[in-house]
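Worksheet: one structure, shown below.
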Amino acid sequence: MHTLVADQPHAGRVEFLEDALIVHLTDGRSISVPLEWFPRLRDASAEDRASWRLIGRGIGIHWDRLDEDISVRGLLVPEQALPRRSSA
Numbered sequence: 313m314h315t316l317v318a319d320q321p322h323a324g325r326v327e328f329l330e331d332a333l334i335v336h337l338t339d340g341r342s343i344s345v346p347l348e349w350f351p352r353l354r355d356a357s358a359e360d361r362a363s364w365r366l367i368g369r370g371i372g373i374h375w376d377r378l379d380e381d382i383s384v385r386g387l388l389v390p391e392q393a394l395p396r397r398s399s400a
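Start counting the sequence shown at 313; every next residue gets the next number (the numbering used here).
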């Protein structure tokens with residue numbers, strides 16, 4: 313039995329605050345992360361941010377205009393998906 317995709321969290325919609333990306337999952341949870349994690353989104357216009365679409369039936373989000381892809385799993389376990397930041 314293949315359950316890999318079925319067990320993954322799926323995005324339903326996306327919204328932005330001034331300094332945060334919020335992804336609402338289909339199971340009712342919401343994930344809020346700082347835009348600092350995603351410089352392309354942080355620096356983008358509101359119009360470009362709003363041009364997202366779900367990919368892989370909601371396992372990821374893509375912004376064509378920004379050439380940005382974010383996985384829901386990466387938001388839930390950021391230390392595995394985001395570049396390491398130096399602790400200066």
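Glycine included, C-beta positions come from ideal geometry on N, C-alpha and C. From a predicted model like this one, the values you see are computed outputs, not experimental measurements.
Residue from the options with nearest C-alpha to residue i
i	options	result
GLU348	TRP375, LEU329, ARG341, GLU359	LEU329
Residue i, enclosing alpha helix (DSSP H) - first and last residue
i	result
LEU388	384-388
Neighbourhood of residue i by C-beta distance below 8 Å, restricted to the same chain and skipping five residues each side
i	result
GLY372	ALA323, LEU366, ASP381, ILE382, SER383, VAL384
ASP425	Absent from the model: residue 425. The displayed extent of the chain is 313 to 400, so no value can be given.
Span separating the alpha-carbon of residue i from that of residue j
i	j	result
HIS336	TRP375	16 Å
ALA332	ARG354	8 Å
ARG341	GLN320	13 Å
Any C-beta of chain C under 8 Å from that of residue i
i	result
GLU359	The chain labelled as chain C is not found in the depicted structure, where only one protein chain is given.
Sequence-distant residues of the same chain with beta carbon closer than 6 Å to residue i, five excluded per side
i	result
GLY370	HIS322, ALA323
8 Å contact criterion, which residue i and residue j should meet: CB distance rounded
i	j	result
VAL345	LEU387	6 Å
Spatial neighbours of residue i in its chain, beta-carbon cut-off 7 Å, leaving aside the 5 residues before and after
i	result
ARG361	PHE328, LEU353
Residue i, enclosing beta strand (DSSP E) - first and last residue
i	result
ARG369	Segment: none, ARG369 is in no beta strand (DSSP E) and carries neither H nor E.
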